Amino acid sequence: MNRKRIQKTISLLTGMTGLVLIGAIAIPILRNEVRARQEYPHLISPIPGGGRYGHSEIQQEGQVLGEGSAVDYTLAANWFPESLTGRQFAQKGEISFYTISIPKLKIESAAVAVGGEDLTSNLIQYPGTALPGNNGNSVIFGHSVLPVFFNPSDYMSIFSTIDLLKRGDEIIVNFDGITYRYEVKETFKVKPTDVYILDQNMNDSYLSLVTCFPMGHPAKPERLVIRAKIVSS
Numbered sequence: 014m015n016r017k018r019i020q021k022t023i024s025l026l027t028g029m030t031g032l033v034l035i036g037a038i039a040i041p042i043l044r045n046e047v048r049a050r051q052e053y054p055h056l057i058s059p060i061p062g063g064g065r066y067g068h069s070e071i072q073q074e075g076q077v078l079g080e081g082s083a084v085d086y087t088l089a090a091n092w093f094p095e096s097l098t099g100r101q102f103a104q105k106g107e108i109s110f111y112t113i114s115i116p117k118l119k120i121e122s123a124a125v126a127v128g129g130e131d132l133t134s135n136l137i138q139y140p141g142t143a144l145p146g147n148n149g150n151s152v153i154f155g156h157s158v159l160p161v162f163f164n165p166s167d168y169m170s171i172f173s174t175i176d177l178l179k180r181g182d183e184i185i186v187n188f189d190g191i192t193y194r195y196e197v198k199e200t201f202k203v204k205p206t207d208v209y210i211l212d213q214n215m216n217d218s219y220l221s222l223v224t225c226f227p228m229g230h231p232a233k234p235e236r237l238v239i240r241a242k243i244v245s246s
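In the working numbering, the protein residues as written are 14 to 246.
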């Protein structure tokens, strides 16, 4: 009798554990989808290629561009299509790589390629924007997925939680042997056509982290920008 009761208890606990694990994965996905549908009701299907609008479309001035136009968001050149061509985007300067750390998000020494394009293997600094420590605006792109799948060591998910950054949070950049500290000043969203976020303010040294928004949504209708300002070096 005791043995049956123990087996029943174990089965019950196993089933409850399974439900908790399923809920931990499913609830953030559903919450993200509900949020996206509320903010962007014209996006019919969250499944790549499904429904009227699928993974292959991008937003421009609130309108969905032609169906069937494949857009690969692992290539940074596709994030602001009206700025530079893919060929120009691949250009690099004298410094090819540096690192960035965000303590609050447990991101440590993530590699940033200057003028690269492949977001699957590193972060990308937009070509022509100021290098860290110089006056201007260093614009860094990073890929994101649903926050529940965030992994600070995986470049496919590395910027999935940057929306958690608040004013005063620290961002550390190590560039050419010099360490620069930045503090977050503001968070805002823009359309893919709002290329003004690439503009250079020469009054001080700024840093902009950019990813697609909502995180993990297949149509990627907006860009989330975290703007920081240098505080020490």
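For each residue, glycine too, the CB sits at the ideal point set by N, CA and C. None of these values were measured; they are calculated from a predicted model.
What do you get for Leu26, buried or exposed, if any count of 16 or more other CB atoms within 10 angstroms of its CB means buried?
Here residue 26 refers to the residue found at position 13 of the sequence shown. Looking at its Cβ environment, which holds fewer than 16 other Cβ atoms inside 10 Å, Leu26 is exposed.
Enclosing beta strand (DSSP E) for Lys119 [first to last residue]:
Position 106 of the sequence shown holds residue 119. From DSSP, Lys119 is part of no beta strand (DSSP E); its letter is neither H nor E.
Just how far apart, CA to CA, sit Lys117 and Ile153?
Here residue 117 corresponds to residue number 104 of the sequence shown, with the count starting at 1. Here residue 153 corresponds to residue number 140 of the sequence shown, with the count starting at 1. One C-alpha to the other measures close to 18 Å.
Continuous beta strand (DSSP E) stretch holding Tyr195: start and end
Here residue 195 refers to the residue found at position 182 when the sequence shown is read from its first residue. Looking at the DSSP string, the run of the beta strand (DSSP E) that includes Tyr195 is Ile191 to Val203.
Quick one: grab the DSSP three-state call for Arg65.
One-based indexing of the sequence shown puts residue 65 at position 52. Because Arg65 sits at a pLDDT of 30, beneath the cut-off of 50, its placement in the model cannot be relied upon, and the following sentence gives the value as read from the coordinates. It is coil, neither helix nor strand.
Just verifying my parser: in three-state terms, what is the DSSP assignment at Lys179?
Mapped onto the sequence shown, residue 179 falls at position 166. Of the three classes helix, strand and coil, the one that applies to Lys179 here is coil, per DSSP.
Between which two residues does the beta strand (DSSP E) harbouring Gly141 extend?
Taking the first residue of the sequence shown as 1, we reach residue 141 at position 128. Element bounds for Gly141: n/a, residue is neither H nor E.
Under the three-state DSSP convention, the category Ser24 falls into
Working through the sequence shown from its first residue, we reach residue 24 at position 11. Note: Ser24 maps to helix in three-state DSSP.
Residues that Ser151 bridges to, as DSSP identifies them:
In the sequence shown, the residue the question calls residue 151 occupies position 138. Ser151 is bridged to Leu220.
Count the CB pairs spanning the segment 236 to 245 and the segment 192 to 209 that are closer than 8 Å, and state whether there are at least three.
yes
Find out if the Cβ-Cβ distance for the pair Leu220, Ser109 is shorter than 9 Å.
For the purposes of this step, residue 220 is taken as the residue at position 207 of the sequence shown. For the purposes of this step, residue 109 is taken as the residue at position 96 of the sequence shown. The answer is no: Cβ separation not under 9 Å.
Should the segment 154 to 171 be called in touch with the segment 124 to 132, which here means at least 3 C-beta pairs below 8 Å?
yes
What separation, rounded to the nearest whole angstrom, lies between the Cα atoms of Gln213 and Gly155?
Here the question's residue 213 lines up with position 200 in the sequence shown. Here the question's residue 155 lines up with position 142 in the sequence shown. Cα-Cα distance, rounded: 20 Å.
Going by Cα to Cα distance, which pick from Asp217, Gly28, Tyr209 and Ile23 is closest to Pro145?
Along the sequence shown, one-based indexing puts residue 145 at 132. With distances taken between Cα atoms, Pro145 lies closest to Asp217.
If you reduce the DSSP assignment to three classes, tell me which class Leu211 lands in.
Within the sequence shown, the letter at position 198 stands for residue 211. Here Leu211 sits in helix by DSSP.
For Gly28, count neighbouring C-beta atoms within 10 Å of its own C-beta (all shown protein chains included) and say buried if the count is 16 or more, exposed if not.
In the sequence shown, counting from the first residue as 1, residue 28 sits at position 15. Burial call: exposed.
Cutoff 6 Å; reference Ala103; Cβ partners in own chain excluding five residues on either side
As a first step, residue 103 must be located in the sequence shown, where it is residue number 90. Low per-residue confidence applies at Ala103: pLDDT is 42, beneath 50, and the placement is therefore not dependable, though the value from the model is reported in the following sentence. Once the five neighbours on either side are set aside, the close Cβ partners of Ala103 are Glu130.
Can you have a look at Met215 and say buried or exposed, based on whether 16 or more other CB atoms are within 10 angstroms of its CB?
Here the question's residue 215 lines up with position 202 in the sequence shown. Burial call: exposed.
Would you identify the three-state DSSP class for Lys105, choosing helix, strand or coil?
One-based indexing of the sequence shown puts residue 105 at position 92. Because the pLDDT at Lys105 is just 47, under 50, the model does not fix this residue reliably, and the value given afterwards should be weighed accordingly. Looking at Lys105 - three-state DSSP - the assignment turns out to be coil, as it is neither helix nor strand.
Alpha carbon to alpha carbon, how far is Lys179 from Ser157? Give it in angstroms, no decimals.
Residue numbering aside, residue 157 sits at position 144 when the sequence shown is read from its first letter. Residue numbering aside, residue 179 sits at position 166 when the sequence shown is read from its first letter. If I take the Cα positions, the gap works out to 18 Å.
Quick one: grab the DSSP three-state call for Val161.
Mapped onto the sequence shown, residue 161 falls at position 148. Helix at Val161.
So Leu132 is in the beta strand (DSSP E); what residue range does that whole segment cover?
Indexing the sequence shown from 1 puts residue 132 at position 119. Taken as a continuous stretch (DSSP letters only), Leu132 belongs to no beta strand (DSSP E), as it is neither H nor E.
On the criterion of 16 or more Cβ atoms from any shown chain inside 10 Å, does Thr30 qualify as buried, or is it exposed?
On the sequence shown, residue 30 is found 17 positions in, with the first residue counted as 1. With fewer than 16 other Cβ atoms within 10 Å, it is exposed.
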